[in-house]
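Notes follow the structure.
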Amino acid sequence: MGPDPMTHRSHHRARRWFAQVGLSALILLGACEGPVGPKGDPGDPAPVPDTGVPMDAAPDVTFDSAIDTAVDAAPDTAVDAGEIPLEPDGLVGRVTDTASLPVAGGRVVLVLAADVAALAATDIDVSLPPAMAAASTVDEPLEDLLDDAARTYSEATTDADGVYRFTALPDAAVFVVFVPAVADTAHLPGGTFARAAQVRASLVGSRLDMRVSANQSASARYVGSTGCVTCHGRHRTFGTAHSAGLSVPGVRGANQDTSKWPEFDAILGHFGATLNFYDCDGASPGAGRCKISETAPPGPAVISFVAELNLDAAVPPGGVGRYQVTLRNLRNAGAATYDVELSYGGALWRSQLLVNVPGADGRPVRYALPFQYQDRGDDTRTNPEDWVWRDVGSSDWYDHGAGTLRTPATDTSFDAQCAGCHFTGFATEGDATNGFHASAVPNSDGAYDYDRDGRREQINLGCESCHGPGSEHLEAPVRGMAIVSPQLLTPGRALALCGSCHSNPAGTALPLDSDGNMPRPGLRRSELIANHWAGSEVAAADLHPSGDARAHRLQYTDHIRSKKYRNGDVLVTCSECHDPHGRDDQPHDLQFAIRDNAGCTSCHNDPIFNADLSMHVETETGNSHSGADLQCTLCHMPRTVTAGSGVEALLDESPSSAQPVQYFQGDIATHRYRISGLDRASEQPASATQDCAFCHVSFLPNPPI
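To convert, note that position 98 of the sequence shown is 97 in numbering that gives the first Met the number 0; the numbers rise steadily by one, no gaps.
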């Protein structure tokens, strides 16, 4: 057979990916795999008060990784690995699931890497309506090819012992993908080797065992993370922002560790102040209709209403009435006072407050008050959205035309708009007349009794948010059964898991299906679109002219349009860069440090990517920029999205005869990994000021267009 067309470089990239990412992630994300050391006797459980634990009295717990603490003995019923006669011109192996049990009747398919790479020639159109988008044949890099009846790939079927056998291999690089039998609903497509292409030389005459993800049935129930801790121990996931999105003000739940963010509760330090909503433009679109300041504005500014932040120090942390907000109308009579029940955010430089406005049926419904606290805000800036306080929905609470306070519409509530992407085991009841009532899975270590049924609930993301409902896993006779392992899914399914909430489809408050259910882990992108989206993947206004994200929650939409998602080398998912179980040593739970470029050069390891990147930059620009502080992300991941306050970037003082212009970057990076280009400098200055314009300031117009 002829020489393998895949490059030596790509072969070693794939091997390094398995060594650095695949194996470690398999251990971390696979359910109950591999032996660990002996587990000591459990200590006495600490009592947890009804509202959680005040910050200054939080229990001294250690958030260890599952790899260190899981009870992980191999099941007695595991199949003996045994010897499998090799095929000198082919490939053999055994397919087992996360319970170490053989998976019979499935197909091991060798998908040509060249075909995957060819998909990228067709752009993914994110403007299509759901029915058309779900029918796309180019947006799921492996499964779209497997669905194409016109394509014929080498495949082998697993026998009763999970063994597969190829007597010959294609003379090309391939992705080794497992597809369960049609009747096998207990397993999901993908497998250990579905994300990095393998050259023929690395496969021929060898044995390649693979592990695949289990799955739950449709009747599986959520049980809460406390049920997971029983075997897997205290988990460092509880120290991620996913676990701390909602909290009782000044209090931490048993599964919440916010020690990484010393300013987490900074908003509470402003209680005692009054927020003035003034110079409101009732005709302006969007949420930012008013300027907000703790200082009364000078005349002739018109204050429409104020928000009085009141603290009753006599009420203990977590007690009703400790934090209250009174909205007081200054244009006409009227005032309303609300107890603050939950803080929303805090880990990523911005916070809001949730209050209860009961529905017509008297049951609780939570709403976010119309202001956002921004840790990095500055009231001296020109744009009010970059101030310490930002208007995020004053028109929901105040009729700017009539000058009166009002009760927000039921479809603007946190329960209707947001809870599904924060709660574990989300469920909703009600309607637009009575209000929508959200709830989460009851959990003894939950942060709050949200639905007031007397039981605390897991109102933040927990284990089952990514691994699926755990009732069948807990009840299974063998460890590792009936639980989704995201790292073993096809790239399309793994990304759809994160993308269900890290996307912002038009007309879709929450990605609920017709029965009010959030997407479960393991579904395909086509299923997510067809069953959970009401409109196109993104509204045109949410993108810059370059196509980069302008609005919050578009990381998924960015990523699927990048070369990382569709190529013939490594199909990158979120977990290749972010540790879903959290990292104490890197921001945003990154697997690698940003400043040393290791997260990029671990794969992009050609000699041209030397330590200071000067060779690569010289190749691309004609100048080595030697001595400059070059980081991959400065050029390839500019911060194009602003969800909080902007971050000061370049101060443009050129020419000296012009008035200086202060540019700002956003606080969320684009995930397309491309350089927007200096031709976009006038319409998207955040990209230009982050990479080139700091030195090449002449590319920016002054004054701005």
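Every residue gets a Cβ at the ideal spot worked out from N, C-alpha and C, and that includes glycine.
- The distance from the Cβ of Ala680 to that of Ala668 is about 18 Å, inconsistent with a contact at the 8 Å cut-off.
- Sequence-distant Cβ neighbours of Gly424 in its own chain, meaning closer than 6 Å and more than five residues away, are Tyr221, Ala439, Val440.
- At the C-beta level, Tyr152 and Val110 come within 7 Å of one another.
- Take Asp450, set aside five residues on each side of it, and the residues of its chain with a beta-carbon closer than 6 Å to its own are Ser438, in chain order.
- If you check the CB distance, Arg523 and Arg565 do not come in under 7 Å.
- With a beta-carbon spacing of about 19 Å, Arg362 and His421 fall beyond the 8 Å limit used to define contacts.
- At the C-beta level, Thr632 and Ile674 stay beyond 7 Å of one another.
- Relative to the Cα of Ser216, the nearest Cα in the group Ala481, Thr688, Gly665 belongs to Ala481.
- Residue pairing of Met636 in beta bridges, as defined by DSSP: absent, with no partner found.
- Comparing C-alpha distances from Pro702 to each of Tyr672, Gln683, Glu652 shows the shortest one belongs to Glu652.
- With respect to Gly567, Val115 sits close: the two C-beta atoms are nearer than 7 Å.
- Taken through DSSP and simplified to helix, strand or coil, Arg206 comes out as strand.
- When the beta-carbon positions are compared, Asp278 and Ala306 stay at least 7 Å from each other.
- With respect to the 7 Å criterion, Pro188 and Thr406 are not classified as neighbours on the basis of their beta carbons.
- Asp444 is positioned such that its CB atom lies no closer than 7 Å to that of Thr236.
- Pairing Gly281 with His466 gives a Cβ-Cβ distance that is not under 7 Å.
- Distance between Thr507 and Ala426, taken at the CA atoms: about 17 Å.
- Leu144 and Thr136 have their C-alpha atoms spaced approximately 8 Å apart.
- For Ala120 and Ala446, the gap between their C-alpha atoms comes out near 47 Å.
- Under the three-state reduction of DSSP output, Asn530 falls in the helix class.
- A check of alpha carbon separations from Thr184 across Ala103, Gln197, Val247, Val198 identifies Ala103 as the nearest.
- For Phe276, the three-state secondary structure derived from DSSP is strand.
- In the assembly as shown, Gln658 is an exposed residue. Its beta-carbon has fewer than 16 other beta-carbons within 10 Å.
- Taking C-beta atoms as the reference points, Tyr322 and Pro248 count as a pair closer than 7 Å.
- For Ala155, same chain residues with a beta-carbon under 6 Å away, outside a window of 5 residues either side, are Val107, Tyr163, Arg164, Phe165 in chain order.
- In this structure the region 621 to 640 does not touch the region 349 to 365; the number of beta carbon pairs closer than 8 Å is below three.
- Burial check for Glu619: the Cβ neighbour count within 10 Å stays below 16, so the residue is exposed.
- A buried status is given to Arg233, since no fewer than 16 other beta-carbon atoms sit within 10 Å of its beta-carbon.
- Bridge pairing for Thr427: Ala437 [DSSP].
- DSSP places Asp611 in no beta strand (DSSP E); its state is neither H nor E.
- The beta strand (DSSP E) runs of length 3 or more contained entirely in the region 643 to 696 are, from start to end of the chain, 646 to 651, 660 to 664.
- The C-beta of Thr229 has fewer than 16 other C-beta atoms within 10 Å across all chains shown, which makes the residue exposed.
- Between Pro369 and Trp396 a beta carbon distance of about 5 Å is seen, short of the 8 Å cut, so the two are scored as contacting.
- Between Ser561 and Tyr672, the gap from beta carbon to beta carbon is short of 7 Å.
- By the neighbour-count definition (other C-beta atoms within 10 Å, threshold 16), Glu474 is an exposed residue.
- Its Cα nearest to that of Val354, the residue Ser412 stands out among Ser412, Glu293, Pro700.
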